[in-house]
Each structure stands twice: as C-alpha cells, then as structure tokens.
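Please read the structure below before turning to the comments.
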Amino acid sequence: MKVTIQNWHSIFAWHWDVPGDEVCGICRVAFDGTCPVCKFPGDQCPIGKFFDCLFCFVILRSHVGHVLTFCPAIGSCHHSFHMHCILKWLDTDTSKGLCPMCRQIFTLENSNNKEVFEALSGRPSPLEEGILEQEGTPV
Amino acid sequence: MLKIRQLQKEKQKNQEGSGHVVNKASPAEIRIGKDLEELVLPPTIKVEHSPNDIKNLKITIRPDEGYYSGGVFKFECSINENYPMEAPKMKCLNKIYHPNIDVEGNVCLNILREDWTPVISLQTVFFGLQFLFLEPNETDPLNKEAAIELNKDRKKFARNVMVSMRGGYVNGEYYDNVYS
Ligand SMILES: [Zn+2]
Ligand SMILES: [Zn+2]
Ligand SMILES: [Zn+2]
Chain A
1 MKVTIQNWHS IFAWHWDVPG DEVCGICRVA FDGTCPVCKF PGDQCPIGKF FDCLFCFVIL
61 RSHVGHVLTF CPAIGSCHHS FHMHCILKWL DTDTSKGLCP MCRQIFTLEN SNNKEVFEAL
121 SGRPSPLEEG ILEQEGTPV
Chain B
1 MLKIRQLQKE KQKNQEGSGH VVNKASPAEI RIGKDLEELV LPPTIKVEHS PNDIKNLKIT
61 IRPDEGYYSG GVFKFECSIN ENYPMEAPKM KCLNKIYHPN IDVEGNVCLN ILREDWTPVI
121 SLQTVFFGLQ FLFLEPNETD PLNKEAAIEL NKDRKKFARN VMVSMRGGYV NGEYYDNVYS
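So the sequence lines, in the order shown, correspond to chains A and B.
full-length UniProt numbering puts the first residue of the first sequence at 1, with every later residue one more than the last.
full-length UniProt numbering puts the first residue of the second sequence at 1, with every later residue one more than the last.
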C-alpha cells in the first residue's frame, strides 16, 4: 500500500527555553536537536515518546536513560549544555566537576533537572545545599 | 532460485549496513567539522588534512616575530573519538630547541593538558600553539636546558635558537633545520 501525504496541519512547535546560546557549548549542536551521540536514543525509544515527554515533565522523568538525555542542563552559572554532553564531561578526571565554560563547580539551576541528573549519572547531583534552601524561600 | 534471491538480498543488506557505518560521521567528527568550518587563521598558521580524514591534521606554524621568526614548524594534530572530552594530541615533527617542546616533539601547553575543557575549539588550540613560539616560557619546561638558558640569559637563548634553527648542535644535541 502506498500512502501519499496531501497536506498536513502543524499543531504546535516547541523550543527549549535556554539562556544564552542556542547551541550546546560542548558538541556545538542546537538544543532543539539532540546531542550527536543520541541521534537514535536508547533501546529504540520512539520519537513519538519524545514528543509526549515534552508535554509533561512527569512522564519525561519516567523515561530516564532514553529520552532525558535530550533535555538541556542549565547550570546555576547560566551555562547550558545537553544533559548527555555535560554528564560525559563531569565523568572525566580532567573536569574536576567544573563547568567547561567558566570553571566554577557545575551545579544545576533547575530542580526538575536535578532529579534527571541524579538518575542519569547514578550519583547525587552536585547541586549545592545552599541552592536547595533558596528554592524553598519565596522570591 | 528463491534461495539465491534471498542470499542476494542479504548480501545487499550487509553491504548497505557496512556502507552506512563508514559514511556516518561520528560525534567527534561532527564537532571537528564544525571547528574546522569556523576556523579563521592568520597567514602564520596553516591547517591541512586529507579529504577523508579530519581526525589527523597537519599544522604549519611560521612565526613572523620573536625568537623563532622565519622558521617553519610542522605539527601533527591527532584527535580521537573522545573529542571534545579529551584534548587533541599535538606532536612537533621537527626536532627543535624550545623550552616547552622536547626533542621527541612532545608539546607542553596548558590548554592541551590540565586546563583542557570541551568548549575549547581547534582555533584556540592552534593559537595557543603559535603563542608558544612568540612567548616561550620557563615554567613547567620539557627541555630543561633551554628553559634554564631562557631564564638566565635571554641573549644566549636567542643565539642558541638561531644556531638550532639553521640545523646545528646546541649543548651536544643536534636540531633540525627549519628554514625549508
Ligand atoms: Zn551537546
Ligand atoms: Zn546524548
Ligand atoms: Zn559556567
């Protein structure tokens, strides 16, 4: 059977809200794309799931290991990278846990991402206690 | 007949499979490609590579000032699959008298070692390399004798560099002619 697409309606467009550059400083690929390692994520994680995930961060969190590597990791220093890219860097000895841009200890700005970070790296996020406390206080 | 067709199909599939692997750029190659695209170099730095291998680059530095002015220094820059998590490896192909480059061609440049981060681009690496010829330094030396001379007596160091660059002996060690 042959299917010919005659027209389509786009319902929505999405875009990561990332401060500064639109590209990951490590792989130089746009955040709206995937990091180059994750072109075909995990165990045949279908692209469809990826779109589901964008609607709901709760679902997103349950896809740990597949889809989550797409989401940008925004540092408290306001430098952003693909989650996958920054995790790979922080895993090296040379990194000493520092942000590749400003050489401050890399900590995540966003608490959603903190859980992602821990789940993916299998270790506590380097999020400072001070920042956790700040989140509880009204701004 | 059916079997032959099946075999042919399988063969085709395998070929396609292997061809795909060869053609697809690896993450490291994608990043190297971007770095090379964005290169803006002065006439003193030349970068070459064969069309099908962007992971091994030939660098030529021709300093137009400083102790090493007028020399032609060739380097091999090899980049592995871990780039940019790992720094490129730089090797000097000439045997030269330089405090930060040993007689085997190993290069001591902070951004290629302890100060490497994955946001550093090849552009920065090549400028760093050129900077070693404009400002050789005596901290953390690879050629100790050269470093001591630079620290002690700059005029003598300059003379030694001149002698070595023409192809000659300094402190019993023969160095390559770099005026070709
Ligand atoms: Zn990236
Ligand atoms: Zn990835
Ligand atoms: Zn930073």
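By construction, the Cβ of each residue, glycine as well, lies at the ideal position given by its N, Cα and C atoms.
By the Cβ criterion, the stretch 148-168 of chain B is not in contact with the stretch 109-119 of chain B, since fewer than three pairs of Cβ atoms, one from each stretch, lie closer than 8 Å. Under the Cβ distance rule, Gly97(A) does not count among the residues neighbouring chain B, no pair being separated by less than 9 Å. DSSP places Val18(A) outside any beta strand (DSSP E), giving it a letter other than H or E.
Counting only residues of its own chain and dropping the five nearest sequence neighbours on each side, Ile26(A) has a CB closer than 6 Å to the CB of Phe81 and Cys85.
Note that the C-beta distance between Leu142(B) and Ile101(B) is below 9 Å. Here the C-alpha atom of Ala147(B) lies approximately 23 Å from the C-alpha atom of Glu76(B). A distance below 9 Å separates the beta carbons of Lys58(B) and Lys74(B).
Annotated three-state conformation of Asn160(B) is helix, per DSSP.
Residue environment analysis places Arg159(B) among the exposed positions, since fewer than 16 neighbouring C-beta atoms fall within 10 angstroms of its C-beta.
Distance between Ala30(A) and Asp176(B), taken at the CA atoms: about 46 Å.
With a threshold of 8 Å, the Cβ atom of Val119(B) does not count as near ligand 1, since no heavy atom of the ligand is closer than that. Secondary structure note for Val125(B): its alpha helix (DSSP H) is the uninterrupted segment Leu122 to Leu134. For the stretch 27-44 of chain B, the residues whose beta carbon sits under 7 Å from a beta carbon of chain A are, in order, Pro27, Ile30, Arg31 and Lys34. With 6 Å as the limit between CB and the heavy atoms of ligand 3, the residues that fall short of it are Gly75(A), Cys77(A), His79(A), Cys99(A), Met101(A), Cys102(A) and Gln104(A). With distances taken between CA atoms, Thr107(A) lies nearest to Leu87(A) out of Leu87(A), Thr94(A) and Thr92(A). Distances from the CB of Val18(A) to the heavy atoms of ligand 1 are all 8 Å or more.
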